[in-house]
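Beneath this line is the structure, given in structure tokens, with notes to follow.
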Amino acid sequence: MKDSLKRDNSNMKCLSKNSGNKKEKDSSEACKNDLCKLVYEGKYDVLKTDKLLHDHDLVFKSSKLNFEDCKIKTLSKINVDYFKLMLSDYSDREICKLLEFGFPIGFHRNKESMSLLRDFKVQKEVLQVKNHRGAVEFPNDMEKYLVKELTKGAIIGPFHVNPFDHGIILSPLNTVPKKDSTERRIILDLSSAGGTGVNEFIDKDNYLGEPVSLTYPRVDDLVLLIKKKGSGSHLFKRDLARAYRQIPIDIGDTFLVGFAWNGHIFFDIVLSMGLRSAAQICQRLTNAIAYIYRSLGFDIINYLDDFAGVEIPELSSKAF
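Sequence positions in the sequence shown follow the UniProt record's numbering and run 1 to 320.
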């Protein structure tokens, strides 16, 4: 494990000189030295990373979910104590535990699913990991993404080889254009062709033994709020910034959401964009946020990371 954390001192330039893809190499010209050091030379908190790897090992070996057994707190910056205070009478009795100890991604572990794991203990194997054209052809966007996610504490890495004592899954990266923006949205393809990806082993209809139900708010729901608040009321809409990327996952699942870029391995420690269970997990959290909001005396409807409300003019600024 220690070897995987060592910096590659020969790699003082932007990218690994062993990178097997020319287009990915070209990103070096657009990448500034300080940013590249963060992404490629391991400018991370080694003690914190070592602890996370150690904690993962404990949860993995327990064969149980973290919130049920080991109960090791995540590195999330979410104020869990505030949620505990405001949700003392909330119907979802597990939401605070999941926030504190991480949401399991719902991966069903059996002989077939665990056969997806690979050792990746040799750098050559990491360099052979293929990403989609949407990632390879937009290296600058990928660089910016890695810098941002490392800075936000949403991913761990870089590792030159697999840092865990067991196999891991490295899924291909892709990007899609953002609406009304020149930026690209980075996605981890957890549904690889042929049904052999991580998502194949996540039940879309069930989570932690409970049925999953995602429903869009109806226009009628908003109409009812407008009628309740009366003529002249103000409508507003807010979205939860980086919603998926703020929600911590069970540290025992970290090895399932890995990816490689330029011969370096990274792992999500928050919900991945592309994870089958991410939407309903996000909805579960925003339902709790909406409950808190209503308990403060305001009306709101929510779907995933979007919130819409109506309030009288005198209170609309406060509500917004």
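Yeah, the Cβ is synthetic: ideal placement off N, Cα and C, and Gly gets one too.
Using three-state DSSP, classify D220 as helix, strand or coil. helix
Going by CA-CA distance only, name the one from D239, F259, D81 that's closest to S192. F259
Restricting to Cα atoms, I'd like to know which of I226, N131, G153, N140 is closest to K48. G153
In whole angstroms, what separates the C-alpha of E210 from that of K124? 42 Å
Quick check: what's the CA-CA separation for E149 versus K237? 26 Å
Could you check if K22 is buried or exposed, using at least 16 other CB atoms within 10 Å of its CB as the buried criterion? Note on K22: pLDDT 48, under 50, position unreliable in the model; no value is reported.
Whole-Å CB distance - I251 paired with V59, under 8 Å assumed: 6 Å
Buried or exposed: which applies to K229, given that a residue is buried once 16 or more other Cβ atoms fall within 10 Å of its Cβ? buried
Looking only at its chain, what residues have a beta carbon closer than 7 Å to the beta carbon of K227, apart from the 5 residues adjacent to it on each side? none
Using 7 Å as the cut-off, classify the Cβ of I265 as near or not near the heavy atoms of the ligand NAD, replying yes or no. The ligand NAD is absent from the structure shown, which contains no ligand whatsoever.
In this structure, how does DSSP classify P139 when only helix, strand and coil are distinguished? helix
Could you compute how far the alpha carbon of S27 sits from the alpha carbon of R133? Bear in mind that a pLDDT of 46 at S27, under 50, signals an unreliable position, so the number given afterwards is only what the model happens to contain. For S27 and R133, the distance between alpha carbons rounds to 14 Å.
Beta-carbon proximity list for G157, same chain, < 7 Å, skipping 5 on both sides: H264, I265, F266, F267
Buried versus exposed call for R93 [16 or more other C-beta atoms within 10 Å across all chains shown]: exposed
8 Å contact criterion, which R109 and D141 should meet: CB distance rounded: Their Cβ separation, rounded to whole angstroms, is 33 Å, which puts R109 and D141 out of contact at 8 Å.
My output table needs one value for L170: the three-state DSSP class, helix, strand or coil. strand
When you compare only the Cα positions, how much space is there between I186 and L240? 18 Å
Please report how far the alpha carbon of I249 lies from the alpha carbon of A290, in whole angstroms. 21 Å
Taking all protein chains shown into account, decide if G232 is buried (16 or more other Cβ within 10 angstroms of its Cβ) or exposed. exposed
Residues bridged to I202 (per DSSP): F107
Beta carbon of I292, beta carbon of L87: below 8 Å? yes
Would you mind reading off the limits of the beta strand (DSSP E) that contains L235? 234-239
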